[in-house]
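This report refers to the structure that appears directly beneath it.
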Amino acid sequence: MRLLLAEDNRELAHWLEKALIQAGFAVDCVFDGQAADHLLQNERYAVAVMDIGMPRMDGLEVLQRLRKRGQTVPVLLLTAHSTVSDRVKGLNTGADDYLPKPFDLEELDARLRALVRRSEGQIHEQQQLGQLAFHDDGYFLLENKPLALTPREHAILTVLMYRRTRPVPKQQLFEQVFSLSDEASPESIELYIHRLRKKLAASNVQITTLRGLGYVLECSDASH
1 MRLLLAEDNR ELAHWLEKAL IQAGFAVDCV FDGQAADHLL QNERYAVAVM DIGMPRMDGL
61 EVLQRLRKRG QTVPVLLLTA HSTVSDRVKG LNTGADDYLP KPFDLEELDA RLRALVRRSE
121 GQIHEQQQLG QLAFHDDGYF LLENKPLALT PREHAILTVL MYRRTRPVPK QQLFEQVFSL
181 SDEASPESIE LYIHRLRKKL AASNVQITTL RGLGYVLECS DASH
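As numbered in full-length UniProt numbering, residues 1 to 224 make up the sequence shown, in order.
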């Protein structure tokens, strides 16, 4: 699968390029929005990964121009900002998915493959852990019923689901859910973890605290 990576942080871009190639993608890498816009006009890609804060043309403008041309290539936006309003703005501009920094490579890979499957009209897939399922359209089911979550609860549970059975540090969760402008501290995560635990309480899935390591999403049924 051919992928366009547009990221102005060259160190991060080269690291991502190497990881995505190892994951099986053919990657074209550029470092500004103008170069990304040029390639999107002239080349065909299965999916594009774009940072929002790029020089010469930001990622939202590149995305807006792409959609105005009628191009439907799936786009995943990367950004250092993770407020709900930022996500809504990106999605309303035409993004298919949104991933705040820092992120886990396995999560990025899973999201990209879900976008490609969806764009090719393939059957939707879901990730399963016990009675909890995460559909690649972005919603959770608990015992086959929709799980009502606030945006921040959803963001936290999504990270834990992609990293299921492996601990996620509190600081990493905090950076994925809150932006620098939010008046919050990493301890704020504890409130949302408490709320999520209550919503999962009747199921065989739970969020466990591992001292010094973070939080892990686990299933009490040994068969999962």
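The beta-carbon is built from N, C-alpha and C at its ideal position, and this holds for glycine as well.
- The beta carbon of residue 203 sits closer than 8 Å to the beta carbons of 130, 131, 132, 142, 143 from its chain, once the five residues preceding and following it are set aside; these are given in chain order.
- DSSP places residue 211 outside any alpha helix (DSSP H), giving it a letter other than H or E.
- Counting along the chain, the unbroken beta strand (DSSP E) around residue 79 starts and ends at 75-79.
- With respect to residue 1, residue 75 sits apart: the two C-beta atoms are not nearer than 8 Å.
- DSSP lists no beta-bridge partner residue for residue 176.
- Counting only the Cα atoms, residue 55 lies some 44 Å from residue 145.
- If you check the CB distance, residue 48 and residue 4 come in under 8 Å.
- Residue 42 and residue 111 have their C-alpha atoms some 25 Å from each other.
- The alpha carbon of residue 187 has as its nearest neighbour, out of 173, 197, 199, the alpha carbon of 173.
- Non-local C-beta neighbours of residue 10 in its own chain, meaning closer than 7 Å and more than five positions away in sequence, comprise 31, ordered along the chain.
- With respect to residue 166, residue 205 sits apart: the two C-beta atoms are not nearer than 8 Å.
- Going by C-alpha positions, residue 127 is about 11 Å away from residue 158.
- One Cα belongs to residue 21, the other to residue 93, and the distance between them is close to 28 Å.
- Taking C-beta atoms as the reference points, residue 218 and residue 192 fail to come closer than 8 Å.
- Here residue 64 has 93 as same chain residues with Cβ atoms under 6 Å from its own Cβ, once five neighbours each way along the sequence are excluded.
- Taken in chain order, the whole alpha helix (DSSP H) runs of length 4 or more contained in the segment 29-69 are 33-42, 59-68.
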